[in-house]
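Residues 1 to 149 in the numbering used here are what the sequence shown spells out, letter by letter. Notes for the one structure printed next.
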Amino acid sequence: MTATTTEVIIRPLDELDISAIVRIDEQIGGSYRPDVWERRIGYYLRRDPETSVVAELDGRVVGFMLGEVRSGEFGLEEPTGWVEVLGVDPDCRGRAVGRRMGEAILQHFKERGARSVRTLVDEEQTELSGFFSSLGFEPSSVRAFVRPV
Ligand SMILES: CC(C)(COP(=O)(O)OP(=O)(O)OC[C@H]1O[C@@H](n2cnc3c(N)ncnc32)[C@H](O)[C@@H]1OP(=O)(O)O)[C@@H](O)C(=O)NCCC(=O)NCCS
1 MTATTTEVII RPLDELDISA IVRIDEQIGG SYRPDVWERR IGYYLRRDPE TSVVAELDGR
61 VVGFMLGEVR SGEFGLEEPT GWVEVLGVDP DCRGRAVGRR MGEAILQHFK ERGARSVRTL
121 VDEEQTELSG FFSSLGFEPS SVRAFVRPV
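Written out as structure tokens, the structure is:
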């Protein structure tokens, strides 16, 4: 009899995760963007190889959460952890994959001196606002401003 595990494993992001992340991004957004992800993952690994995480389920990468600690931007002087991009394989949602990655990256931010954690969510993306609310995030007084050029 073969045993199967359904335990979610959270581990640091690795260069070899690019193809899995490209697949998840394509499932979410419908576009195949290997060049974008090669650049983006290279950036996070150069900046801080320990902070960003992926989630594995049954030995397969099913989620990713990328971010870093920055300070001195947008008038926010205190070291702040920024969750910048995330995704969970649509077939593996509702199994605390996102929550586990969130808890891990928050811990990494804290270890790197962050005093708070921020992200930006479009109000129309209700799944993301529901997700971050359930992780204890609250709307902030810092607002995004935008204009076309
Ligand atoms: C948001 C997302 C990360 C959630 O992943 P998940 O693994 O299904 O989430 P979890 O199972 O860990 O759920 C954690 C909490 O989030 C909440 N949540 C998850 N999906 C939600 C949804 N669609 N609507 C509202 N709340 C939601 C749950 O209520 C849960 O809280 P609970 O534990 O108190 O019940 C996932 O749906 C996703 O990847 N969405 C697309 C993200 C995206 O657009 N990325 C590209 C731009 S960055």
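No residue lacks a Cβ here, since even glycine has one placed at the ideal position from N, Cα and C.
Around the Cβ of glycine 98, a 10 Å sphere holds 16 or more other Cβ atoms; the residue is buried. Alanine 144 has its Cβ no nearer than 7 Å to any heavy atom of ligand 1.
A distance of 8 Å or more separates the beta carbons of glutamate 103 and tryptophan 82. By the Cβ neighbour-count rule, aspartate 35 is exposed, with fewer than 16 other Cβ atoms within 10 Å of its own. Annotation for glutamate 56: no alpha helix (DSSP H) segment contains it, though the beta strand (DSSP E) segment containing it runs 53-57.
Contact annotation: threonine 6 and leucine 45 have beta-carbon atoms that are not nearer than 8 Å. Here the alpha carbon of isoleucine 21 sits roughly 18 Å from the alpha carbon of arginine 95.
Taking all protein chains in view, the Cβ of leucine 66 is crowded by 16 or more other Cβ atoms within 10 Å, so the residue is classified as buried. In the three-state DSSP reduction, glutamate 111 falls in the helix class (H, G or I). Partner residues in the beta bridge of phenylalanine 64, as assigned by DSSP, are Val54, Gly87.
Setting aside the 5 residues that flank it on each side, isoleucine 28 is surrounded in the same chain by Gly87, each with a C-beta closer than 6 Å to its C-beta; the list follows chain order. Isoleucine 41 is classed as buried because its beta carbon has at least 16 other beta carbons within 10 Å across all chains shown.
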